[in-house]
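Okay, so here's the structure we're looking at.
Protein chains: 2
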Amino acid sequence: MGKNIPVPAIERLTKLYTVITGLKKSNKKRISSTELESLTGIQAHSIRKDLSLLASVKSSKDGYSTESLEELLSMTFGFERKRKICIAGLDMHGMAILNNPDSALSGFEIAAGFDSSINRLEMITTKVPLYLFYEIEEKVRQLEIEFAILAVDSESAQKTADRLAAGGIKGILNFSPVILEPKQGLLIRNIYLLEELRLLSALLAQGFATGNSEQYK
Amino acid sequence: MGKNIPVPAIERLTKLYTVITGLKKSNKKRISSTELESLTGIQAHSIRKDLSLLASVKSSKDGYSTESLEELLSMTFGFERKRKICIAGLDMHGMAILNNPDSALSGFEIAAGFDSSINRLEMITTKVPLYLFYEIEEKVRQLEIEFAILAVDSESAQKTADRLAAGGIKGILNFSPVILEPKQGLLIRNIYLLEELRLLSALLAQGFATGNSEQYK
DNA sequence: TTCTATCTGTGAATATTTTCACAGATAGAA
DNA sequence: TTCTATCTGTGAAAATATTCACAGATAGAA
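Now the structure itself:
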């Protein structure tokens, strides 16, 4: 309890949080590490070990309380605080994200959308305030936006990321078909469709055919 | 050389492959491990170590030949063989992927699209053959589709994944807002927007603010 | 040809992560 | 209250992965 948590454990615990919020909605009150294993593919003893890194987990003969687990994870990782995000690039992909119901992004608030084309911005109907790319730095700073979802073409990806960074953004989820250059003080996750497909190919070629997503992720 | 390659190394090498194909297009002939580090965030000695796991890397005083690296990785991971994929769920997100130019998915061929609504299918103009969900199992088997991109709502995600699996699919990239249950013999990557955002939050809360994407990915 | 500067390639050392296995805790039954 | 069955919690052991550090290889200069 209270130790510092290794990154792989953070990833697993975040996944657990997601699964547990789902369970809570379907009114499941308690759950054991074994049940969680079958839902997530994370092995039961890993789950117990990971949870032991957190402060004061409560459990009993029939496992953990979904409610208190959710709360504990939420506290540990700051999920209870709503964070502002923005979407940079409003083509089909960006729009699909912008059009998500609020509930799909619970815990986050889309505080701005950006695109390079004023024509496109004028065509969009949304409650989210929209701006042009050149305003990124100013607006990110002004609105205190913490994370960005980047969904632009390969040509503008790095430049747009630089603008976001200049505005003081803390993290970028990059869906553009480019691997962004790393930058000190900026969390980057490249989610690159073609590369994800290649990774599947590579794993297959190397003989990983398990169903356990944690064994290769 | 010839050893078996650990999963984290496969991930890094796949990323390298992506970066190197980009370099080759911009006509860069040779590249050093240090340059690759600054492009990918993967440390130079890790790159060298990873490459040493592959058969016969050729290098010299000015680094590696982009061409031969690309070829080597391509051979090792089977990127030279074109694989068939399908898209299940053709709402905005699925359509954004369907509308990608072929070049954006080089090495893969979209061999089918699926949706639950016949009306929606009739509205779509594309060269890709489209079918209803109930045909998934049959078509996946018949067309020998290897991977699926799943982009449906949370209600149908698990059921649709089961259909894909029944057809003998080998891997699923799941963009639906649900964590799919693991299954023996099936590679699953859950790419869940909300969870990716949460992971950024969690990493931030735990004090990871490096720019090096590999240090937390 | 020899010297030099600059890379790579890789065993060995370290560090990290996962797995194990069992003591301890809990709740229900008798 | 005591017994029992069933979980969790966690040090210690084992397995993996990363980092280091330097020998070896290469190519250009003199």
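So the sequences go chain by chain: A and B. Going from the first sequence to our numbering is simple: count from 1 and add 21. Going from the second sequence to our numbering is simple: count from 1 and add 21. Even glycine gets a Cβ: it sits at the ideal position worked out from N, Cα and C.
Tell me, to the nearest whole angstrom, how far the beta carbon of residue 196 of chain B is from that of residue 114 of chain B; I am working on the premise that it is less than 8 Å.
6 Å
Pair within 8 Å by beta-carbon distance, residue 178 of chain B and residue 108 of chain B
no
Would residue 45 of chain B count as contacting chain A if we go by Cβ distances under 8 Å?
no
Going straight from the alpha carbon of residue 136 of chain A to that of residue 41 of chain B, what length do you get?
29 Å
Residues that residue 202 of chain A contacts on chain B, provided the C-beta gap is smaller than 9 Å
59, 60, 61, 62, 232
Could you please give the first and the last residue of the uninterrupted alpha helix (DSSP H) stretch that includes residue 157 of chain B?
157-164
Consider the Cβ of residue 22 of chain B: report whether some Cβ of chain A lies at a distance smaller than 8 Å.
Any reading at residue 22 of chain B must be qualified, since the residue scores a pLDDT of 44, below 50, and its modelled position is unreliable; no value is offered.
Residue range of the beta strand (DSSP E) that residue 180 of chain A falls in?
Element bounds for residue 180 of chain A: not the beta strand (DSSP E) but the alpha helix (DSSP H), 175-187.
Going along chain A in order, which residues have a C-beta closer than 7 Å to the C-beta of residue 113 of chain B?
113, 116, 117, 120
is_contact[residue 85 of chain B, chain A] using C-beta, thresh 8 Å:
no
Interface residues of chain A around residue 184 of chain B at Cβ under 8 Å?
By Cβ distance, chain A contributes nothing, its closest Cβ being about 16 Å from residue 184 of chain B, past 8 Å.
With 9 Å as the C-beta to C-beta threshold (strictly closer), list the residues of the region 90-103 of chain A near chain B in chain order.
94, 97, 98, 99, 100, 102
Using a Cβ cut-off of 7 Å, pull out every chain A residue sitting near residue 129 of chain B, in sequence order please.
218
Reference residue 192 of chain A, options A/87, A/50, A/165, A/175, closest by Cα:
A/165
So what does DSSP say about residue 33 of chain A, is it helix, strand or coil?
helix
Taking residue 141 of chain B as the reference, which of B/100, B/111, B/150 has the closest Cα?
B/111
Inter-residue spacing [alpha-carbon to alpha-carbon] between residue 54 of chain A and residue 130 of chain B:
40 Å
Could you compute how far the alpha carbon of residue 154 of chain A sits from the alpha carbon of residue 182 of chain A?
11 Å
Could you pull the DSSP bridge partners for residue 213 of chain A from this structure?
Paired residue(s): none; residue 213 of chain A is not in a bridge.
Could you pull the start and end residues of the alpha helix (DSSP H) that residue 50 of chain B belongs to?
Looking at the DSSP string, residue 50 of chain B is not in any alpha helix (DSSP H), and its letter there is neither H nor E.
Chain-order list of residues whose beta-carbon lies under 6 Å from that of residue 100 of chain B (same chain, five-residue window excluded):
128
So which residues of chain B does residue 188 of chain A contact, with C-beta pairs closer than 9 Å?
Simply none; closest approach about 16 Å.
Do three or more CB pairs link the region 26-37 of chain A to the region 215-228 of chain B at distances below 8 Å?
yes
Pick helix, strand or coil for residue 121 of chain A, following the three-state DSSP scheme.
coil
So for residue 153 of chain A, helix, strand or coil by DSSP?
strand
Does chain A have any CB closer than 8 Å to the CB of residue 146 of chain B?
no
For residue 102 of chain B, count neighbouring C-beta atoms within 10 Å of its own C-beta (all shown protein chains included) and say buried if the count is 16 or more, exposed if not.
exposed
Give me the DSSP bridge partner(s) of residue 108 of chain A.
A/134, A/170
Does residue 179 of chain A come within less than 8 Å of chain B when only Cβ atoms are used?
no
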